[in-house]
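The block underneath contains the structure these notes are about, expressed in structure tokens.
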Amino acid sequence: MDHTRVVLHYGWPLVAALVLAGLGAKLTFGHRKRNPKGLPLPPGPKGLPVIGNLLQIPQVKPWLVYDQWAHKYGDVIYVEAIGQPIILLNTMAATLPLLEKKGMNYSDRLYLPTFKIMKLDWSLALLNYGPEWRAHRRAFHQSLSPTMIPPYHALIEEECLVFLRNLLTNPRDFAGHTRYYFGSVLMRVSYGVTDFEFNRQLINDAEVVLRAFSSAVVPGRMLVNNFPFLRHVPDWFPGTGWKQVCNEVGRLNDRVVNKGFNEAQSRYRNETSQSDHPSIVGGLLEELPPETDPTYAEREYIVRCVAAQSYTAGSDTTLTASLALFAALALHPAVQEKAQAELDSVLGAERLPIAKDIEKLPYIQAIAKEIVRWYTVVPLGVPHLSKEDDEYDGYFIPKGTLIQVNIWYVSIMHDPENYDDPHEFRPERFLKNGKIDPSVMDPETAIFGFGRRICPGRHLSNASFGVMLASVLAVFHFGIPKDEAGREKKLKLVMGSDMIA
């Protein structure tokens with residue numbers, strides 16, 4: 076199995092044999108929508124009988140099509156895919172009233188059969204809104220709140236030095252070095268483990284799991300998510316290769332959740348082997364009751380899951396943002412020059428930037444904001460789900476509706492109403508009189524999610540990304556490769572189509 080890329084698909088022989096039965100089951104057992112006021116559904120493209128808009132929702136960069144629909148149908152769009160109601164939100168004006176002000180009703184997650192098969196049902200990002208989610212979230216906040224990040228600055232700076240040395244030694248493998256920088260930071264924060272080979276194996280496993288998840292949640296990509304009965308089809312049946320892939324991801328997931336925790340727990344119990352730096356597991360283990368306590372198993376499981384979530388959730392997104400950053404810097408040499416001039420002015424040439432310096436470097440901060448605006452790493456975010464029937468702006472929103480935010484557009488990223496020339500990479504848009512302009516909407520308003528589902532690891536992500544950004548600009552210059560004749564090659568940044576683009 077190629078662990079560098081996980082492709083999930085169905086063989087068409089199986090689809091042809093079972094799709095009609097699945098459609099019938101979906102129609103027969105689908106829940107009836109209640110609409111006592113007779114309110115209309117939001118506008119949207121007309122679908123086909125039975126399958127609705129399934130064929131109109133592209134698997135390749137769907138956010139671009141949603142953008143086109145927004146210009147035709149408005150801020151709130153309604154579509155269906157085989158009986159599953161979906162609301163597409165295309166402006167902040169529509170997103171905030173639902174996901175922020177009515178967060179109690181819009182903080183659930185859609186359960187997909189692939190989550191169970193891949194053993195992803197431990198993840199905070201996928202848990203339904205309720206007591207279990209709150210317990211996990213509480214542990215997360217306790218470990219990664221803003222006041223808890225400064226103790227991790229030293230290890231971030233240590234790992235960044237390793238990253239810079241690796242980049243200097245072998246610049247061609249910049250993607251690999253960047254992956255291991257963020258992965259190592261997250262592994263040390265999560266578990267306190269500094270063993271490079273141990274961390275490398277877990278980072279690789281986590282990447283496979285993340286890519287599988289990112290692919291599986293794309294609407295229409297895995298039919299078992301629409302027809303759960305397909306998971307019972309025998310493995311030997313033609314076209315069931317997807318089951319082997321999912322089962323293998325599940326085995327890797329077991330390792331991701333348990334291996335790092337078991338190692339950290341063993342080191343914690345052996346006090347002489349504890350890390351010099353704090354870790355999430357170390358802090359949470361200190362608060363566990365004795366193993367004889369009836370709540371011990373449940374609380375230990377939460378620690379296990381929170382630690383795994385900490386290093387799986389942030390590694391791929393920060394890596395993707397960093398690779399986009401390197402391309403943007405190469406394409407915009409003037410941005411590099413301004414950033415390097417700021418670094419020389421504030422820090423001089425005697426030392427490298429550290430975490431505490433970032434607040435004194437407004438242009439560096441502006442670059443960090445602009446890259447996540449310009450290249451939206453998670454264009455559609457993780458969908459929310461409505462728990463109960465609701466109404467908004469005169470429209471009916473049925474219980475169980477999938478709420479998809481077009482972050483690529485809605486979250487000020489490419490909305491010309493919020494930014495002039497939104498497709499240009501221009502950090503200066505965030506500055507006024509040499510300082511961050513608070514009147515300009517911050518991309519963080521949306522890139523980390525909304526309401527109760529906002530990413531709890533965002534403060535650690537910002538710290539590790541900021542140190543890396545300032546450090547590479549202090550040490551290196553990014554340019555476009557040249558051919559044998561000395562001419563610059565064409566460099567183009569191309570977004571993918573999975574959840575993490």
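Numbering (the numbering used here), first residue to last: 76 to 576. Where a beta carbon is used, it is the ideal one built from N, C-alpha and C, also for glycine.
What residues are listed by DSSP as bridge partners for residue i?
| i | result |
| --- | --- |
| Leu164 | Val151, Val480 |
| His459 | Ile478 |
| Gln411 | None, per the DSSP bridge assignment. |
| Leu123 | Gly127 |
| Lys510 | Lys507 |
| Lys557 | Glu563 |
| Ala156 | Gly127, Gln159 |
| Asp183 | Leu460 |
Under a Cβ-count criterion, where at least 16 other Cβ atoms within 10 Å of its own Cβ denotes burial, should residue i be classed as buried or exposed?
| i | result |
| --- | --- |
| Asn328 | buried |
| Ser486 | Low confidence applies to Ser486: its pLDDT is 47, below 50, so where it sits in the model is not reliable, and the reading given next is rough at best. It counts as buried. |
| Leu242 | buried |
| Gly99 | Bear in mind that the predicted position of Gly99 carries a pLDDT of just 42, short of 50, making it unreliable; the figure below should be weighed with that in mind. By the neighbour-count rule (16 or more Cβ atoms within 10 Å), Gly99 is not buried but exposed. |
| Arg254 | buried |
| Ala560 | exposed |
| Ala96 | Low confidence applies here, because Ala96 scores a pLDDT of 41, under 50, leaving its location unreliable and the question unanswered by this model. |
| Val268 | buried |
| Asn333 | exposed |
| Lys112 | exposed |
| Ile439 | buried |
| His459 | buried |
| Pro556 | exposed |
| Val453 | buried |
| Lys567 | exposed |
| Lys564 | exposed |
| Thr103 | Annotation note: pLDDT 38 at Thr103 (below 50); position unreliable, no value reported. |
| Glu373 | exposed |
| Asn274 | buried |
| Thr244 | exposed |
| Pro124 | exposed |
| Val569 | exposed |
| Ala168 | exposed |
| Glu425 | exposed |
| Lys194 | buried |
| Gln340 | buried |
For the alpha helix (DSSP H) containing residue i, list its first residue and its last residue.
| i | result |
| --- | --- |
| Tyr343 | 316-344 |
| Ile472 | Per DSSP, Ile472 belongs to no alpha helix (DSSP H); it is in the beta strand (DSSP E), 470-472. |
| Ala424 | Segment: none, Ala424 is in no alpha helix (DSSP H) and carries neither H nor E. |
| Ile132 | Ile132 -> no alpha helix (DSSP H), and no H or E assigned at all. |
| Cys235 | 228-244 |
| Leu535 | 533-550 |
| Tyr438 | 437-449 |
| Trp208 | 206-219 |
| Thr253 | 249-266 |
| Val284 | 271-291 |
| Leu359 | 355-360 |
| Lys564 | Where Lys564 is concerned, there is no enclosing alpha helix (DSSP H), given that its DSSP letter is neither H nor E. |
| Glu503 | Note, Glu503: premise wrong, no alpha helix (DSSP H); not H, not E. |
| Glu519 | 519-522 |
| Phe190 | 188-192 |
Please report the residue range of the beta strand (DSSP E) in which residue i lies.
| i | result |
| --- | --- |
| Glu466 | 465-467 |
Just to confirm, does residue i get its C-beta within under 7 Å of one of the non-hydrogen atoms of the ligand SAH?
| i | result |
| --- | --- |
| Leu436 | Annotation note on the ligand SAH: not contained in the displayed structure, which lists no ligands. |
On the premise that residue j lies in contact with residue i, defined as a C-beta separation below 8 Å, what is that separation, rounded to the nearest angstrom?
| i | j | result |
| --- | --- | --- |
| Tyr204 | Arg527 | 7 Å |
| Gly127 | Ile162 | Not really, about 13 Å apart at Cβ, beyond 8 Å. |
| Glu463 | Asn110 | 13 Å between Cβ atoms; not a contact. |
| Leu461 | Ile478 | According to the sequence displayed, residue 461 carries Ser and not Leu. Yes, Ser461 and Ile478 are in contact; Cβ-Cβ is about 6 Å, under 8 Å. |
| Gly122 | Gln134 | About 17 Å; that fails the 8 Å criterion. |
| Leu418 | Leu436 | 7 Å |
| Leu277 | Val331 | 7 Å |
| Ile355 | His211 | Wrong, their Cβ atoms sit about 12 Å apart, outside the cutoff. |
| Ile429 | Gly541 | Not quite, the Cβ-Cβ distance comes to about 10 Å (not below 8 Å), so this is no contact. |
| Leu164 | Val480 | 5 Å |
| Phe553 | Leu404 | 4 Å |
| Arg263 | Leu219 | Arg263 to Leu219, Cβ: 14 Å. No contact. |
Practice item. Taking 8 Å as the threshold, find out whether the stretch 386-396 comes into contact with the stretch 276-284 through three or more Cβ pairs. Key: yes
Practice item. Check whether the stretch 201-217 touches the stretch 309-322, counting contact only when three or more Cβ pairs, one atom from each stretch, lie closer than 8 Å. Key: no
Check your understanding: Does the pairing of the stretch 459-475 with the stretch 107-127 give three or more beta-carbon distances under 8 Å?
Key -> yes
Check your understanding: Are there three or more Cβ pairs, one per stretch, closer than 8 Å when the stretch 220-228 is compared with the stretch 524-543?
Key -> yes
Check your understanding: So, do the stretch 442-455 and the stretch 394-411 have three or more beta carbon pairs nearer to each other than 8 Å?
Key -> yes
Check your understanding: Within the chosen definition, does the stretch 506-526 reach the stretch 362-377 through at least 3 CB pairs nearer than 8 Å?
Key -> no
Point to revise | Inter-stretch contact (C-beta, 8 Å, three-pair minimum) for the stretch 499-507 and the stretch 133-151 | key: no
Check your understanding: Within the chosen definition, does the stretch 410-421 reach the stretch 548-567 through at least 3 CB pairs nearer than 8 Å?
Key -> yes
Review point. Touch check for the stretch 173-193 and the stretch 297-312: three-plus C-beta pairs under 8 Å?
Key: yes
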